[in-house]
Amino acid sequence: MPSFHLPDMSCGHCASRVSQALKALDPQCRIDFELRERRIQVQSEQAPQALVEALREAGYPPAPTP
Numbered sequence: 001m002p003s004f005h006l007p008d009m010s011c012g013h014c015a016s017r018v019s020q021a022l023k024a025l026d027p028q029c030r031i032d033f034e035l036r037e038r039r040i041q042v043q044s045e046q047a048p049q050a051l052v053e054a055l056r057e058a059g060y061p062p063a064p065t066p
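26 is the number that UniProt numbering gives to position 26 of the sequence shown; each next residue is one higher, with no gaps.
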């Protein structure tokens, strides 16, 4: 299950936008949010690079894990 660090995700509204972006790509995906750490784990049939692109387009580009 890919894990992504999203430094710009800081609140529930951000998490909602991230969820909408990923579910638009894969409606069946499962997303586990860790808001404090600004990290998500995604279970999806889509390739990790497709998930990264969806996150970038939504305004939440993944960054290297600190």
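Beta carbons are placed, not taken as given, at the ideal position from N, Cα and C, and that holds for glycine.
Separation of residue j from residue i, as counted between CA atoms
i	j	result
residue 49	residue 63	13 Å
residue 9	residue 38	6 Å
residue 24	residue 14	15 Å
residue 4	residue 57	15 Å
residue 55	residue 36	18 Å
residue 22	residue 11	17 Å
residue 16	residue 61	15 Å
residue 7	residue 42	16 Å
Close beta carbons around residue i, own chain, < 7 Å, minus the five adjacent residues each side
i	result
residue 19	31
residue 26	44, 45, 46
Proximity winner among the options, relative to residue i (alpha-carbon distances)
i	options	result
residue 47	29, 6, 17	29
residue 1	33, 44, 17	44
Contacts around residue i, its chain only, beta-carbon distance under 6 Å, and the 5 residues preceding and following it disregarded
i	result
residue 65	5
residue 33	15, 40
residue 52	62
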